[in-house]
Structure formats: C-alpha cells, structure tokens
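Protein chains in written order, with numbering that gives the first Met the number 0: chain A, 0 to 307; chain B, 0 to 322; chain C, 0 to 346.
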Amino acid sequence: MGRYVLRRLLQLIPVFVGTTFLIYWLVWAVPGDPFAGKCGERRCPDAYIDKMTELYSLDQPLPVQYFKYMSNLLQGDFGTTFGGQDVGALIAAAYPNTAKLAVVALLVEALIGLTAGVLSGLRRNGFLDNLVLVSTLFLLALPTFVTGFLLQWFLGVKLGVIRPTVSAEANFSELIVPGFVLGSISLAYVARLARTSIAENRRSDYVRTAIAKGLPMRRVVGIHLLRNSLIPVVTYLGTDLGALMGGAIVTEGIFQINGIGRTAYRAIVTKEGGTVVSVVVILVLVYLFMNLLIDLLYAALDPRIRYE
Amino acid sequence: MSDPGENVEAAVRPGVAPGGLHTAETPVPAPATGKPRGQFADVWAELRRKPMFWISAFLILVFLVMAAFPSLFTSIDPDQGSLRDNLQGPSKDAWFGRDIQGRDIYARTIYGAQASIVVSVIATLGTVLIGGFIGVVSGYIGGWVDGLLSRIADVFFGLPFLLGALLILFTFNPPGSAPSKLKVEALVAVSLMVLSWPVSMRIMRSAVLSVKEADYIVAARALGASPFRIVLRHVIPNCLASMLVYSTILIGSFIGAEATLSYLGVGLKSPAMSWGIMINEAQQFLRDVPGWLFFPAAFLVTAVLAFVMLGESIREALDPKLR
Amino acid sequence: MIRLSNLSVSEPGYTAGAGASRPLLEVENLFVEFHTREGVAKVINGVTYDVRAGETLAVLGESGSGKSVTAQTIMGILDMPPGRVAGGSIRFHGRDMLAMSAEERRKIRGEGIAMVFQDALSALNPTFTVGFQIAEQYRIRRGLSRGEAKRRAIEILDQVKIPNAKQRVTEYPHQFSGGMRQRVMIAMSLALDPEVLIADEPTTALDVTVQAQIMDLLAELQRDRQMGMILITHDLGVVADVADRIAVMYAGRIVEQANVHELYANPGHPYTIGLINSIPRIDEKGQELRTIKGLPPNLMRIPSGCPFHPRCPRAEQVCTQQLPPLLQVGPTRASACHFAEEMVSRG
C-alpha cells in the first residue's frame with residue numbers, strides 16, 4: 000500500500016510539471032511581450048516590469064523561468080499582484096468559501112442523486128424511474144449559468160425566499176442553493192450512474208446467491224447489492240469533489256461568493272498574469288491530489304484492485 | 000472540474016475516473032458480434048420505436064436548418080433596431096420583445112443558433128477524430144509510445160475544463176480585442192478540442208486494447224493480416240457505436256460550453272450573435288424584459304437537451320441490458 | 000400402467016419426521032414460461048420428481064433442457080419477469096412452497112433447501128471476505144455474535160477441507176483457486192445444515208482433476224449429513240458413482256427416470272441411449288465419438304408430438320403426433336417414449 004501510494008505520487012510529477020508548464024507558457028510566453036495586456040488596459044509601470052522580470056527571471060530562457068517560478072511557489076511564495084497584494088493571502092482568503100461550496104454541492108449530489116438513482120434502479124420502469132429519467136435529462140441539459148440565473152431570479156427575486164447573493168461570511172445555509180446549482184449536472188450523472196449500476200448488479204449471480212442464502216430482502220439490497228453498485232458512484236463523486244474544489248467560476252460569479260473561481264476569473268479579466276498562474280497552479284495541484292485520493296479510495300472499496 | 004465550470008466539466012468529461020477507468024455510464028464498446036449488419040438493423044429497429052429518438056431528431060433538424068438558413072424563420076434584420084423602442088415587452092411585431100438597442104429578440108435568438116451549432120459540431124468532429132486517432136495509435140502500438148501519449152493526455156486532462164478554456168481564450172482572444180467572428184469561432188472550437196481530446200482518446204484506446212486481445216484478432220494476426228487492415232476491419236466498426244453516442248452527447252455539452260464562454264466574455268463578442276452573449280447582456284434587465292434572458296436560455300436548453308436525448312436513445316438502443 | 004405423478008400425492012397433515020420414506024421435496028407437474036419480446040418460451044413443461052433424505056437424484060440434460068430453471072424455481076430465485084410459473088406445485092415436507100408467503104419461503108432457503116452454484120467466482124460477492132459471507136448466515140439467521148459466527152465459519156471451512164481455514168477466512172473470493180472457491184461455495188451452502196442440497200453443475204467450471212475431488216467431497220458430505228441431494232449436470236460420466244437415481248430431461252420434460260444401474264445397463268429412452276453413447280470410452284479409443292444428431296429444440300416452437308422425434312433414430316409416425324406421457328415401465332423406473340416397454344423388456 001505504501002509503495003503503491005509512492006508510485007502513484009511519482010507518476011503525478013510529470014503530469015503536474017507538464018500541466019503547470021503549459022499554463023506558464025500560455026500566460027507568459029505566448030503573446031511575445033510578456034507584459035502586453037498584463038496590467039489591465041494601460042501599459043505596465045516600469046517598476047512592476049522590473050520587479051516581475053527580476054522575480055520570475057523573465058529575461059532568462061523559458062525553462063529557467065519556469066523552474067525559478069516553481070521553486071518560489073513551492074516555498075510558499077505566490078508572488079504579488081501588480082497592485083502589490085500578496086497572492087498567497089488572496090488565495091487563503093478565498094479558498095475556505097470555495098471548499099464550503101464544494102462540500103455543500105457534493106452533499107446535494109450524494110443525497111439527492113444517490114437516493115433518486117438507487118430507488119429508480121430498484122424499480123425499473125416504474126413511475127419514479129421515469130420521473131428520475133426525465134428530470135435528470137433536463138438537469139443535464141441546463142448549463143450552470145442558466146440554472147443559476149433561473150434559481151436566483153425565481154427564489155431570490157420573485158419569491159424572495161433566499162437572498163439573491165451570498166454574504167461575505169458565506170454560511171452553509173446560504174450556500175444550499177448555489178451548491179445545488181453547482182452540483183446539478185453531476186447530480187444528474189450520479190442518479191443515472193447509480194440507476195444503471197443497481198439495475199445491472201440486481202441480476203448478478205452474487206445477489207442471487209444472497210437470496211438463496213435466505214437473507215432478508217433488505218439485507219440483500221442494503222448490503223450485497225448496494226456495496227458493489229456504489230463503487231463506481233462513489234468514485235465518480237470523488238472525482239467530482241476534485242473538480243468542485245477547483246472553484247466554481249460561474250456559480251461564484253452569479254451568487255457573488257468570494258471564492259477561488261471568482262478570484263481566478265477576476266485575475267483573468269483584469270489580465271493579472273502572475274495571479275492567474277499562481278491560482279491555476281494551486282487548483283491543478285488540488286485537482287491532481289484529489290485524483291490520487293480517489294484512486295486510493297477505489298482500491299480500498301474494491302478488494303479486487305491490487306496495489307502493485 | 001472547475002467551476003461553474005465544473006458543471007461544464009462534468010458534462011464534457013463524463014464518467015472517466017482517474018487512471019482511465021470507465022464507469023458504467025461511459026459508453027463501452029459493444030462486444031464483437033461478428034455480424035455488424037445484424038446489429039445495426041437491430042439498433043435501428045429499436046430506435047424507430049422510441050418517441051424520444053424522433054422528438055430529438057426533429058429538434059436537431061430544426062436547429063440545423065436554423066443555423067444554416069436563419070432567414071427561413073424570420074424576415075427581420077437582427078441588427079436593426081431603434082433606440083426609441085428599447086426594452087419593449089413582447090408585441091405583435093417583436094414576439095419576444097426588444098433589447099436595449101431596440102433590436103428584435105426573436106430574430107437575434109434565431110440568428111444566435113448559428114454560432115452554437117457551428118462551434119460545437121466542429122469542436123466535436125475535431126475532438127473525436129484527433130482523440131480517436133491518437134487513441135488508436137496509442138492502443139495499437141503500445142509500449143513507450145502508448146506511455147508517452149497517455150501521459151500527454153493526462154497533462155491536458157489535468158487542466159480544469161472551464162479554467163483551461165478561459166486561459167487559452169484569455170491568451171489568444173483577450174478581452175477588448177476584436178478578431179473576426181470566424182477567427183473567434185475557430186479559437187473557441189480549438190480550445191474545446193484541446194481540453195476534451197483525452198476522453199475520446201481513452202475511449203478509443205481501451206476499445207483497441209480490448210479488441211486486440213480478442214481471439215479472432217490474435218488469429219487474424221497469426222494468419223498474417225496486416226495491422227492496418229485489422230484496425231480498419233475490426234476495431235473501428237466495433238467502437239463506432241460508443242463513439243457515436245459519445246459525440247452526440249458531446250455536441251450538446253459543447254453547445255452549453257460555448258454559451259458559457261460567450262457569457263463569460265471570452266468567447267464570441269458583441270456584435271456577433273450568440274445565446275451566451277444575449278444572456279450576459281440581458282441579466283441586468285431581467286426585471287424589465289425577462290424575455291431577453293428567457294428565450295435565448297430556452298433555445299439553449301432545448302438545443303442541449305435535443306443532443307443529449309439523441310445520444311441517450313442511441314445508447315439505450317445499443318445496450319440490450321438497458322432495454 | 001400408472002401415471003408416475005399419481006404416486007407422489009401428498010397426504011394432508013404430513014409433517015417433518017412423520018416417516019423417513021416420504022420424499023422431503025416433491026416437484027409435481029411444474030410448468031415455467033419465459034415471456035420475452037420475441038414470444039413465450041416454454042422452458043418447463045410438466046416436470047415431476049422428488050428427493051428423499053439421504054438420497055441423491057441426478058438431473059441430467061443438455062443446456063436448455065430446463066434442469067437449472069427447475070432448480071431456480073425451487074429456490075425461488077428465478078427472475079420474474081421474464082419467468083413465470085404457469086402451473087404445478089413444489090412441496091417441501093408436504094407443504095406447497097408456491098402457495099407460501101415470501102417470508103415463509105425465505106426461511107426455507109438455506110436451512111431447508113440450499114444451493115451450490117456452478118461458477119463460484121461470480122456467485123460469491125467479490126467485495127466481502129468469504130468469512131463474512133458465511134458468517135452472516137449465522138448472524139442473521141441464528142442470531143449469533145460476530146465472534147461466534149466467525150468461529151462457526153472457520154469450522155465449516157474446515158469441514159470442506161480448506162487448509163488453513165483460520166487464515167483464509169479473512170480472504171476475498173478472488174484470492175482462492177477455482178477448486179478452493181467451489182469448496183467455499185459448498186461450505187456456505189451447508190452452513191445452516193440444510194435438509195436438501197441442490198448442486199447446479201458444481202464441477203463444470205473446474206479443471207478435470209479438481210472435478211473428481213469436489214464430486215467426492217459432495218458425496219461424502221451428503222452421506223454424512225444424510226441430506227437429500229439434487230445434482231444437476233450435463234455429464235453422465237460424473238453421476239455414475241454419486242447418484243442413486245437419475246432423471247433425464249429434454250425440452251423441459253423428464254423423459255426417463257430410473258436407478259443408476261438400470262439406466263446404464265438398459266436405457267429406456269432413445270435420448271438416454273444417445274447420451275450414453277456419446278460418453279468417450281477407453282476401449283473405443285480412436286473411433287469417432289457418437290453424438291446425437293441435430294440440435295435441442297427452440298423452446299418457443301417445440302415440435303409437435305414427442306419433442307425429441309426430429310432427432311430420434313427410431314421415430315415413427317406416432318411420434319410426430321402424440322406426446323408420450325411419462326409412464327411407469329418397471330418397479331422403479333419410468334420413461335416417456337412410445338416404445339419404452341419394448342426397449343426395456345428387450346434389454
């Protein structure tokens with residue numbers, strides 16, 4: 000197990016280097032002049048250019064720049080915005096809100112998606128099954144920003160049952176609707192995945208064996224059927240948490256949640272090159288690390304997967 | 000993964016867990032039946048009975064015609080408007096109302112279909128062809144080539160989807176610049192492709208790997224059939240079905256992604272017409288002219304829904320277990 | 000001539016232990032159909048057999064003959080739909096199980112009648128240890144504590160001769176070899192001391208060398224525990240040493256039933272003759288194997304008359320028109336062939 004984790008960690012290194020290099024290259028190298036359009040509409044102040052050139056060794060070849068930048072980053076130095084703000088502090092302020100939103104979205108997915116999927120998988124072609132199929136189809140077709148607007152307008156403006164935007168504290172109760180918006184497409188996937196998985200495993204030999212052993216139906220379903228059927232669903236939920244932790248640009252934007260996605264988006268539209276790279280690198284790191292955790296989770300859930 | 004995007008991500012990169020594991024929702028290549036014609040006839044017979052198939056096919060046809068010949072649906076010039084009429088509600092002349100510049104929202108919604116359809120169809124073709132080709136090469140050759148290509152795919156898969164698209168477009172299509180509509184459409188399509196090809200590569204690669212081990216392929220190779228011929232004759236027909244399902248659903252997801260990027264201001268930009276731009280422009284005026292936001296949103300959702308429904312009905316027809 | 004099915008009418012008020020000679024399990028005139036989109040497949044068409052304590056009945060037939068479906072119907076694990084019991088009864092200790100409540104039937108499973116499946120790899124749950132899967136029966140059905148249940152699980156694994164049972168109880172099914180896995184399957188079916196054991200092709204998925212060991216183990220356990228055993232197989236060679244009686248099935252019907260030695264020495268149905276002739280023999284080495292020509296019938300379109308007539312070497316006009324009933328042709332045997340008496344008496 001220890002060796003497996005180590006091996007997977009080692010495998011992550013080239014992917015991490017490749018991805019972050021790609022980002023670095025996109026932001027700093029492609030446009031030619033690294034400062035073209037990096038400071039909003041105006042030309043960058045010379046002091047900033049000097050400072051950044053010094054900090055990121057922008058006069059050096061690209062691989063050297065990248066290496067220096069990454070070694071700074073890994074030592075906890077995320078650089079500063081051209082306004083002089085510490086990017087690390089910016090991330091630290093935004094990240095807890097993103098994490099809270101991600102947890103709420105995941106809970107929504109797991110609670111609603113799993114329940115709907117399991118129930119419809121157990122009663123194929125019943126009323127509930129058809130209801131789940133139709134409603135998940137609609138959820139799949141609704142882009143996040145449309146769902147977000149509709150719910151914000153309907154619940155926040157028309158009915159007035161929620162505040163249209165989330166306060167700076169971002170309490171869990173305020174995040175329920177944004178969490179639903181963020182998780183809605185995955186919720187539909189979870190429901191469909193659980194349904195298919197349950198329906199397939201229902202006819203499996205080992206479920207038949209469990210019945211032949213004279214176990215009560217609720218144990219056959221609750222222990223033998225669910226355990227196996229939920230492995231792919233749990234794995235999907237894990238992958239999705241990795242995705243959710245990457246911040247929700249659209250959802251955070253609509254509900255004005257001060258999260259990492261909104262920070263990244265703001266940095267992109269204000270053309271803050273240094274901030275963009277740092278934030279995106281952090282998000283990639285979180286994402287890759289989550290994926291590693293999911294691999295381990297999968298191996299833990301299914302004993303047939305061996306750690307070699 | 001990412002953000003709002005994560006939703007886009009969930010839609011565009013469904014069901015592929017790390018390590019390339021395909022979960023149950025991912026279309027898995029159907030086992031070789033040896034009688035593809037019989038299988039296709041079965042699938043067609045199954046499809047024909049499904050109302051969902053006919054509804055989605057009809058809707059898709061309507062959207063394709065709308066994208067190609069918008070003037071068939073409206074005789075009004077979508078760019079023509081007088082500020083005197085701005086923010087009018089629905090009327091006999093302007094069914095969906097008028098926007099801030101007094102332009103007809105119905106006409107603009109109709110003309111907005113083109114960008115979505117063109118971008119998503121081109122991006123899907125590119126994703127499936129490029130990703131599929133790399134997947135076949137990777138799976139068939141194996142060894143270090145496979146290792147290298149798979150790692151490269153991991154690198155692109157490691158970029159959160161919406162954030163990655165934002166970055167690419169931020170670099171090549173910065174806000175404030177005004178490249179031609181064609182160039183922006185191409186840029187959006189390319190950025191979608193760049194971020195999505197690993198999925199179709201993995202589907203194709205695992206299809207090749209599973210067929211490669213099949214007894215009849217081993218036999219064909221032992222009899223001296225050329226590798227190229229084997230791929231052409233056996234592998235591609237075998238995974239056509241799953242790729243078809245995947246690409247149909249992908250078109251739907253890309254329509255949503257294009258709208259999201261336009262909405263965020265890095266995709267198409269005004270004066271080009273796109274549902275995402277309209278929704279973006281309309282958001283402040285939701286109380287005055289709700290139709291400005293609702294009608295493009297309704298068209299957008301219907302278009303995505305049509306493609307997702309078509310993909311789902313083909314998937315169900317292909318998989319006897321789902322019948 | 001007496002209809003065999005008339006012999007096994009249950010007496011009212013019969014209870015367990017009232018007489019060892021009464022069959023434990025009686026299947027009578029059972030009909031099962033599968034309703035599919037393509038039509039109705041008549042899978043079981045009036046099967047009648049019984050098994051007594053301490054006795055092994057082998058049910059023999061090609062795939063599709065309905066032998067496994069009969070067993071699944073007895074266990075109540077037939078997929079319904081598409082399956083449907085269209086008639087008949089299954090009596091355990093004289094009580095019709097088909098008329099029982101779901102809860103009553105459940106209590107018979109495992110304790111009254113247990114089943115060994117063909118492919119232990121798919122029949123065991125891959126995500127639980129074998130110990131858990133055996134012990135849960137003691138915990139759920141007998142209310143034993145976890146520790147006690149585990150001790151009993153090790154005990155029963157010992158009884159099926161799994162070496163190192165104490166360690167292996169915490170392993171997962173995929174960690175066992177094919178033969179050992181089938182032993183686990185057998186241990187699991189015996190955990191609650193069933194009166195009747197149904198073994199559905201228990202050795203088909205195994206290597207030839209392991210097959211004999213598993214068969215010996217089953218025979219030994221059946222003897223020691225005085226269980227009634229229904230051994231389902233398509234392999235006539237497997238049953239000779241183990242079974243007391245044999246029922247041969249074809250197209251969802253029993254075509255012949257007899258004691259083992261009678262059946263081998265003097266088969267009373269042309270289909271049985273075909274099966275016996277198709278066993279490879281050492282003294283005929285080098286000769287072509289004799290097989291039964293043709294294929295088993297499509298169960299949606301079973302031929303008129305005797306369903307075997309299109310493949311039967313001695314079929315005559317009458318065979319295409321009249322369905323031969325299963326009739327007593329000796330003190331302990333019955334056959335469903337128009338020429339049964341002739342065949343039996345000539346032998």
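Where a beta carbon is used, it is the ideal one built from N, C-alpha and C, also for glycine. Just so we're clear, the structure is a prediction, and the values are computed from it rather than from any experiment.
Classified as buried, I109/B has 16 or more neighbouring CB atoms from the shown chains inside 10 Å of its CB. Note on F68/B: under 16 other CB atoms within 10 angstroms of its CB, so exposed under the neighbour-count rule. Scanning G147/A, A98/A and R2/A for the CA closest to the CA of G260/A turns up A98/A. Counting along the chain, V102/A sits inside no beta strand (DSSP E); it lies in the alpha helix (DSSP H) bounded by residues V86 to V107. By a beta-carbon distance limit of 8 Å, V283/A contacts T19/A. Their separation comes to about 6 Å. With fewer than 16 other Cβ atoms from the protein chains shown falling within 10 Å of its own Cβ, A218/B counts as exposed. Rounded to the nearest whole angstrom, the C-alpha separation of W24/A and A206/B is 34 Å. When CB distances to chain B are screened at a threshold of 7 Å, not a single residue of the segment 57-90 of chain A falls below it. Taking a 10 Å sphere around the C-beta of H260/C, we find fewer than 16 other C-beta atoms and assign the residue as exposed. Assigned with DSSP and collapsed to three states, Q74/A falls in coil, not helix or strand.
The alpha-carbon of L291/A is positioned some 13 Å away from that of D153/B.
Exposed is the label assigned to D215/C, since fewer than 16 other Cβ atoms lie within 10 Å of its Cβ.
If you draw a 10 Å sphere on the C-beta of I185/C, you find 16 or more other C-beta atoms in it, and that means buried. DSSP places N28/C inside the beta strand (DSSP E), whose first and last residues are L24 to T35.
Residue-level contact by beta carbon fails for Y3/A and chain B, as no gap is shorter than 9 Å. V46/C and V68/C have their alpha carbons spaced roughly 11 Å apart. Under the three-state reduction of DSSP, S134/A is assigned to helix.
Only residues of its own chain outside the window of five on either side were considered, and among them Q210, I213, M214 and V237 have a CB closer than 7 Å to the CB of T202/C, listed in chain order. Close partners of F116/C in chain A (Cβ separation under 7 Å): D204 and T208. Here T238/A carries a helix assignment [DSSP, helix/strand/coil]. Boundaries around S334/C are those of the beta strand (DSSP E), R332 to S334, since no alpha helix (DSSP H) includes it. Only P13, V14, F15, G17, T18, L21, I22, L25 and V26 from the segment 1-26 of chain A bring a Cβ to less than 8 Å from some Cβ of chain B. At a beta-carbon threshold of 8 Å, the residues of chain C lying near N227/A are N124, P125 and T126, ordered along the chain.
At a C-beta separation below 8 Å, K106/C has these neighbours in chain A: G213. At a cut-off of 9 Å, the C-beta of L300/A has a neighbouring C-beta in chain C.
The secondary-structure analysis by DSSP pairs R244/C across a beta bridge with L56/C and N258/C. Counting C-beta pairs closer than 8 Å gives fewer than three between the segment 291-306 of chain C and the segment 216-224 of chain C, which falls short of the contact rule. The straight-line gap separating the alpha-carbon atoms of R191/A and L105/A is approximately 16 Å. In this structure, the CA atom of A263/A is about 17 Å from the CA atom of F171/B. Chain order gives the chain C residues near R218/A as I139, where near means a beta carbon separation below 7 Å. Within the same chain, and ignoring the five residues on either side of E251/A in sequence, the residues whose Cβ sits closer than 6 Å to its Cβ are G258, G260 and R261. Contact holds between the segment 233-251 of chain A and the segment 170-184 of chain A, because three or more Cβ pairs, one in each stretch, are under 8 Å apart. In this chain, the alpha helix (DSSP H) harbouring A211/C covers V207 to R224.
Pairing Y270/C with P323/C, the inter-Cα distance amounts to about 13 Å. DSSP, reduced to helix, strand and coil, places I276/B within a helical segment of the structure shown. Looking at the DSSP output, L230/C bridges to A57/C and A198/C.
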